[in-house]
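In the working numbering, the protein residues as written are 430 to 888. Scroll down for the structure; my scribbles are underneath it.
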Ligand SMILES: Nc1nc2c(ncn2[C@@H]2O[C@H](COP(=O)(O)OP(=O)(O)OP(=O)(O)O)[C@@H](O)[C@H]2O)c(=O)[nH]1
Ligand SMILES: [Mg+2]
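Right, here's the structure in full:
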């Protein structure tokens, strides 16, 4: 589907850089390139996928706007499937804006967010899952998240969806055969359970299981540091991040707000939150701070409960452990550089069976590697992921796969309980529709617009 207008946008981020890239896509690209670009050598024939050196000139031909390198990608062998021009200019916002304005004067329209990807999708250069993978790779926060995105761009998810479709279409053919050859629908033969149905259910389940791991690599885990005042929570945040993010003093009740920072542990983005010490609040500010702690604890993937090993345990410590018993907790005994005031065994009976205890000194940095590794282990992160197999990290894909699995399970139940094959065929067709929503083979325009408009400009 070739669209009539030619679109343009800056593809590099806002700010100052050595180089900035402006993209142009559509039917007028070559005509515009000839008008806006003055090649340094007479030998410029806008051959596809070649780099040409020269100047961008104003539309009245009077002013040189920048010295650039440009490349022309002839359709259909371009990202969008249309003629594409990429201008590598100097990464100054004023220069880029000037060039953009000249392009608009020559007949381009400013692209909407995600419009280049949307055109790539309409022209069958990529499917919807691949377009979404591109967007997620651009914003990925860890090397593993990039790898998951790249595997999807290369088509691993699409291939798995195709395999699932084939299984369901084969099963549907068998079920439909039993409809066609039956004279009396009410007394139709109950079809056998096609093996493809169980196979499809298994594959759907394992694809869905990949979501939690992929999500961890994509969005990271949220880890809240809690404990009573002065146990060293802010010192721990500073020690783990290697920055002086939080104020550390020996006055209990120093931290009031939530203080956050992210670190990378074994390729997993870990979002750390330092919090106000928990005690009977002394004023309204501290009360607010402590209320915020409880809110955050409720949604944490892991909670580090910090205890001061150099001072006797108190009821406040016990209460904090008790109130977090449904959370994924790690006990860190801090200040182990000082003489211990209590035995580790003292708290054993207060803890859930799988809670781990780690001795640390936030001040001197001891035990932090063990703490870091334990954080990642406790969040159920596998050290290695197989991006060769398909994985999903997008909630839209997860919902569609869950629906497809429900349809497949309904088809199976209906076969086993001898329900008329029409109903089974209906379930299988619904499952196929849900899979087609992932790749965009069948999807309504409003959803499509919503997906692409969430992409960034120039993508
Ligand atoms: N000896 C020793 N002192 C520590 C250690 N960690 C923290 N401290 C000291 O303990 C005091 C309190 O540290 P903070 O990090 O401010 O404690 P906090 O838990 O954030 O305190 P609040 O913000 O008041 O809740 C400071 O004087 C720190 O220097 C440690 O590992 N060893
Ligand atoms: Mg603090």
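For every residue, glycine included, the Cβ atom is placed at its ideal position computed from N, Cα and C.
Take the Cβ of residue i as the centre, count every other Cβ of all protein chains shown within 10 Å, and call the residue buried at 16 or more, exposed below.
i           : result
residue 793 : exposed
residue 614 : Because the pLDDT of residue 614 is 48, which lies under 50, any placement of that residue in the model is unreliable, and the question is left without a value.
residue 867 : buried
residue 730 : buried
residue 703 : buried
residue 602 : exposed
residue 623 : buried
residue 548 : buried
residue 533 : exposed
residue 711 : exposed
Over the uninterrupted beta strand (DSSP E) stretch that includes residue i, give me the two end residues.
i           : result
residue 500 : 493–502
residue 466 : 466–468
residue 706 : Here residue 706 belongs to no beta strand (DSSP E), and DSSP marks it neither H nor E.
residue 578 : First-last for residue 578: 572–582, but that is the alpha helix (DSSP H), not the beta strand (DSSP E).
residue 642 : Residue 642 -> not in any beta strand (DSSP E); alpha helix (DSSP H) instead, spanning 624–648.
Between residue i and the rest of its own chain, which residues show a CB-CB distance below 6 Å, the 5 nearest in sequence each way excluded?
i           : result
residue 640 : 821 and 827
residue 767 : 739
residue 677 : 663 and 664
residue 834 : 633
residue 832 : 863
residue 873 : none
residue 616 : Model confidence at residue 616 stands at a pLDDT of 47, short of 50, so the residue's coordinates are unreliable; what they give is reported in the following sentence. Cβ neighbours of residue 616 beyond the five flanking positions: none.
residue 574 : 646 and 647
residue 561 : 823
residue 659 : 681
residue 538 : 434 and 436
Between which two residues does the alpha helix (DSSP H) holding residue i run?
i           : result
residue 529 : 522–534
residue 826 : 824–845
residue 479 : Here residue 479 belongs to no alpha helix (DSSP H); instead the beta strand (DSSP E) covers 479–486.
residue 546 : 544–551
residue 562 : 557–567
residue 858 : 850–868
residue 803 : 797–807
residue 877 : 874–882
residue 774 : 774–777
Grab me the residues of residue i's own chain with a C-beta within less than 7 Å of its C-beta, minus the 5 sequence neighbours each way, in chain order.
i           : result
residue 698 : 570, 571, 649 and 691
residue 747 : 779
residue 626 : 600, 837, 840 and 841
residue 741 : 770 and 771
residue 871 : 862 and 865
residue 503 : 477 and 512
Candidates the options: which alpha carbon is nearest residue i's?
i           : options               : result
residue 785 : 729, 801 and 874      : 801
residue 780 : 770, 761 and 797      : 761
residue 777 : 759, 803 and 790      : 759
residue 529 : 594, 590 and 462      : 462
residue 656 : 723, 831, 440 and 592 : 723
residue 541 : 714, 435, 666 and 829 : 435
residue 599 : 468, 629 and 848      : 629
residue 559 : 508, 718 and 774      : 508
residue 744 : 707, 475, 527 and 755 : 707
residue 523 : 494, 502, 545 and 481 : 494
residue 849 : 661, 710 and 620      : 620
residue 916 : 737, 714 and 521      : Only positions 430 to 888 of the chain appear in the structure, and residue 916 is not among them; the question remains open.
residue 525 : 486, 624, 720 and 567 : 486
residue 479 : 506, 546 and 457      : 506
In chain order, what residues of the same chain lie with their CB nearer than 8 Å to the CB of residue i, ignoring the 5 residues before and after it?
i           : result
residue 464 : 488 and 535
Any chance the CB of residue i is under 7 Å from a heavy atom of ligand 3?
i           : result
residue 664 : Ligand 3 is not part of the structure shown, which contains ligand 1 and ligand 2 as its ligands.
>> For the structure I just gave you, are there three or more beta carbon pairs, one from the stretch 621–637 and one from the stretch 684–692, closer than 8 Å?
In response: no
>> Using 8 Å as the cut-off, can you tell me whether the stretch 852–867 makes contact with the stretch 539–553, which would need three or more C-beta pairs spanning the two stretches below that distance?
In response: no
>> Check whether the stretch 666–676 and the stretch 588–599 touch, using three or more Cβ-Cβ pairs below 8 Å as the test.
In response: no
> Given 8 Å as the limit, is there contact between the stretch 445–453 and the stretch 513–525, that is, 3 or more CB pairs closer than that?
Replying inline: yes
> Does the stretch 567–587 touch the stretch 480–498, meaning 3 or more C-beta pairs lie closer than 8 Å?
Replying inline: no
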